[in-house]
Amino acid sequence: MRIRYEPGTTFVHALNPMTKLAALVLFSIGIFLVASIPVEAVVFLSLVALIALIRARAIASLLASRFLLSFTVLLFLVQVVFNAGGAVYFSIPLILFSIPVTAHGVAVGVVLALRFVCIILASAIFVFTTDPGELAYALIRAGVPYRYGFMLVTAIRFIPVFEAEAGTVRCAQQARGLDIDGKGFRALLNSARYTLMPLVVSALSKVDVLVISMEGRAFGVRPRRTSLREGRFTLTDAAVIVLAILVFTLLLYFAFTGQFQLPQIVTYDD
Amino acid sequence: MKPVLPAVSIKALSFSFFNADRRALDGIDLDIPEGQFVAITGPSGCGKSTLAMAIGGYIPHVVEGRLEGSVEVGGLRTDRARLADLSTRVGIVQQDPESQLCTLDVDDEVAFGPENLALPADEVRARVGRSLALVDALHLRGRNIYELSGGEKQRVAIASILAMAPGVLILDEPTSNLDPTATAEVLAAVAKLRQATGLTIVVIEHKLDRVMPLADRLLIMDRGRIVLDGRPAEVLRQYRERIKEMGIRLPAEPGSRWRCAPRDHPAPAECVETVKVQGLRSGYDGREVLHDVNFKACGGEIVGIIGPNGSGKTTFLTHLLGIRRPGQGSVAVCGMDTRAVKVSRLARSAGYVFQNPNHQIFERTVRGEAGFACDNFGIGRETCDRRVDEELARFGLLDYADRHPLGLSFGEKRRLNLCSVLPHQPQVLLLDEPFVGQDFFKVAVMMDELQGLKREGKTILMVSHDIDMVYRHCDRVVLFLDGRIAVDDAPEAARTRIAALGMNEYLPGGCP
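Encoded structure:
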């Protein structure tokens, strides 16, 4: 299931893209400062509630997708194997040695798996509710030089064009008898070669036109340019940012001073 | 009183591209008075687009090469002025509607230029409104660029140039990527522009019959020179034969009635059915695109498929290759039901040439490219090699056999695309816009070859916006409208019925 921007009227949609970006960054760092299954479970459930609130079906189906499940399970298993400690629940016997499944291993596994899922969900909410164009313009407003900002705008502009072209190229391959559904490394290599080359050629042919079109309209001449797109910065934005910074600062403070410890998993050093 | 300065003044202009010996422009002298509407035409490679680039200042500022002589636009020497200063005096609308739009929605696009000039926001807003109004596109405000049709994109491109408030507007083949409906729409906008503003307009165009009524002056270029210059009607009357010899397609003589040229080779009386489509309904993304399409075609028949973009023509063709499968109804090619057979099997019987050459060139040499499908089908080296050389020779590409296909001209690439589906000898040919980018002579040569293939008993279905060619050379004309076949008849009968539908853009030239 692919997550992409879907226009909507929820309060998350209405937030300023920069607010959402800042909150997402703080959230993604902050979650690493938390090593507690109950706290992370609460965070996870709140994210699920938020997803339900904004009726993001695409994200709901991502949650149940094989991709997310298999990665989460893999992450969990790796932690279980490499973090032995504490009470041994049971052992998985292998030929030469056995892998003990321990309380510590399971706890670390759950924490990391939850962190992973939380970051994926938060990012998905960001992508689902943020118009990429608005984001690009917001970045420009926030001080990113507009020449770089417009690289993003133009890239976003041509994504659907290239998607459509990739579809045509695949049809053209089939029409010429290229087996594109073949399995194995060779088929993959062939598919990449015969898909990428036509797309790159097509992209390059667009560049000449684009250069003339942009230079012909005085792009890059002035150090600053006017922008008709105005950023909305509402009270909600302010509230979200203040809240994000507050929580993040508290987490940092707790992490370094050790005051008011969040419930934590016990660490064994053996 | 001071004499009126010309809007564009070109003196002894010559230009050759970096690493080319031939002069793309060869001693051009041209004055265009303010407010004049100039049409420029000529065979492909005659230098008309290069001239547009020179007037716009992109030569020498963007395109490299050797330049002699001078170009002055609005009192500025293009080689001395900055491109940014030129941009408020002259603007170019290019051929490809897709690639020249660089932002995400219509307002952003039209505001792009004035924003770059750092004009006050109120002035930018005013210009956006005014420019869109001039091309009748106010209703497009707020729309996503990607969702626009080709004609709408082209009108937005014109508006985005108008927003720079230039004195000279150049349109470089603004309609050659568009269907007849969109062509009419864009040219109507240009006609209105001419009336509503005092702009100096230069249009480079193949479709002489559409631009002629608008133009004050017609320039005909050949091999980098301006060979004819004058009032359009007079130029055409005096030099009819000479223009024809250059390979330029002339508009029908005034007053002449369209007459269906006798079919080069009549279709065989007995029909060997190669394509049969019954009650086809199909769609994608939850939208039905084809509604109850019934169609059949015989061996030795050329069928021309016309209609506006989005009417289902291409979707229909992809069904014949099995790339799409019917939702309801059935599609059979050479007796094979497309639902029961793999695409790779169908592709041996139906050769499909797509519209854009860049999307279907996979190999590194012209010969390899032409033999690509033949090899994939496992037809044996020797047979393939022999047939590939035969086909390359037939389409005049044998001299380039060991070159890289991307080094070919656009027209050559198109012929190569056709060569690439012939060596495995499919019974049915599906051609999407085979004539784009070919001048009159090349089209005639290509048509001869297609007639040859028809005589061999192949079925040829071609989608084309080149309405005149379709009427002249096809055994049947099929008009698609909103996912249905609206007309399917021999050219003359089709003409009558399409005229009755009021679809005038889909009638051959010279019709009332």
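Same order as they appear, the protein sequences are chains A and B.
Residues are numbered in this note's numbering as their position in the first sequence, beginning at 1, plus a constant of 124.
Residues are numbered in this note's numbering as their position in the second sequence, beginning at 1, plus a constant of 96.
We put the beta carbon where it would ideally sit given N, CA and C, even for glycine.
Everything numeric in this text was worked out from a predicted model, so none of it was measured.
- Secondary structure of residue 524 of chain B (DSSP, three-state): strand.
- In the structure shown, the three-state DSSP call for residue 247 of chain B is helix.
- Looking at the DSSP output, residue 383 of chain B bridges to B/380.
- For residue 126 of chain B, the pairing in a beta bridge is given by DSSP as B/106.
- Annotation for residue 448 of chain B: the continuous beta strand (DSSP E) segment containing it runs 446-449.
- By the beta-carbon neighbour count (other beta carbons within 10 angstroms, threshold 16), residue 572 of chain B is buried.
- Counting only runs of 4 or more residues that sit fully inside the stretch 262-314 of chain A, the alpha helix (DSSP H) segments are 270-299, in chain order.
- The Cβ of residue 430 of chain B sits no closer than 8 Å to any Cβ of chain A.
- DSSP, read as helix, strand or coil, puts residue 133 of chain B in strand.
- Under the criterion of beta carbons closer than 8 Å, residue 581 of chain B and residue 391 of chain B qualify as touching, at roughly 6 Å.
- Contact with chain B is found for residue 318 of chain A, since one of that chain's Cβ atoms lies less than 8 Å from the residue's Cβ.
- Contact annotation: residue 241 of chain B and residue 205 of chain B have beta-carbon atoms nearer than 8 Å.
- With respect to chain A, the C-beta atom of residue 515 of chain B has no partner C-beta closer than 8 Å.
- Straight-line measurement puts the Cα of residue 315 of chain A at about 12 Å from the Cα of residue 295 of chain A.
- Neighbours of residue 215 of chain B in chain A, taken as residues at a C-beta separation under 7 Å, are given in chain order as 350.
- DSSP places residue 112 of chain B within a strand segment (E or B) once states are collapsed to three.
- Neighbours of residue 296 of chain A in chain B, taken as residues at a C-beta separation under 7 Å, are given in chain order as 450, 455, 456.
- Distance from the CA of residue 367 of chain B to the CA of residue 412 of chain B, rounded to the nearest whole angstrom, comes to 22 Å.
- Annotation for residue 119 of chain B: 110, 112, 320 place their beta carbon closer than 6 Å to its own, counting only its chain and skipping 5 residues before and after.
- Remark: C-beta atoms of residue 484 of chain B and residue 503 of chain B do not approach each other more closely than 8 Å.
- Pairing residue 406 of chain B with residue 450 of chain B, the inter-Cα distance amounts to about 16 Å.
- The residues 250, 254, in chain order, have a CB closer than 6 Å to that of residue 144 of chain A in the same chain once the five nearest residues on each side in sequence are set aside.
- Taking a C-beta cut-off of 9 Å against chain A, the contacting residues of the stretch 195-212 of chain B are 195, 196, 197, 198, 199, 200, 201, 203, 204, 207, 208, 209, 210, 211, 212, listed in chain order.
- DSSP, reduced to helix, strand and coil, places residue 390 of chain B within a strand of the structure shown.
- The beta carbon of residue 285 of chain A falls within 8 Å of a beta carbon belonging to chain B, placing the residue at that interface.
- Note on geometry: alpha-carbon atoms of residue 369 of chain A and residue 115 of chain B lie some 59 Å from one another.
- Separation of the CB atoms of residue 427 of chain B and residue 415 of chain B is rounded to 5 Å, and the pair is thereby assigned contact status at 8 Å.
- DSSP places residue 158 of chain B in no alpha helix (DSSP H); its state is neither H nor E.
- Residue 237 of chain A is not a Cβ neighbour of residue 152 of chain A, given a cutoff of 8 Å.
- Where residue 397 of chain B is concerned, the enclosing beta strand (DSSP E) starts and stops at 397-402.
- Taking a cut-off of 8 Å on C-beta distances, the stretch 152-164 of chain B does not touch the stretch 323-331 of chain B, as fewer than three cross pairs fall below it.
- By the rule that beta-carbons nearer than 8 Å mark a contact, residue 472 of chain B touches chain A.
- Taking a cut-off of 8 Å on C-beta distances, the stretch 172-180 of chain A touches the stretch 132-139 of chain A, as three or more cross pairs fall below it.
- Put simply, the stretch 153-170 of chain A does not touch the stretch 189-201 of chain A. Fewer than three CB pairs are less than 8 Å apart.
- The C-alpha of residue 513 of chain B lies about 20 Å from the C-alpha of residue 441 of chain B.
- In the structure shown, residue 581 of chain B adopts extended strand secondary structure according to DSSP, grouped into three states.
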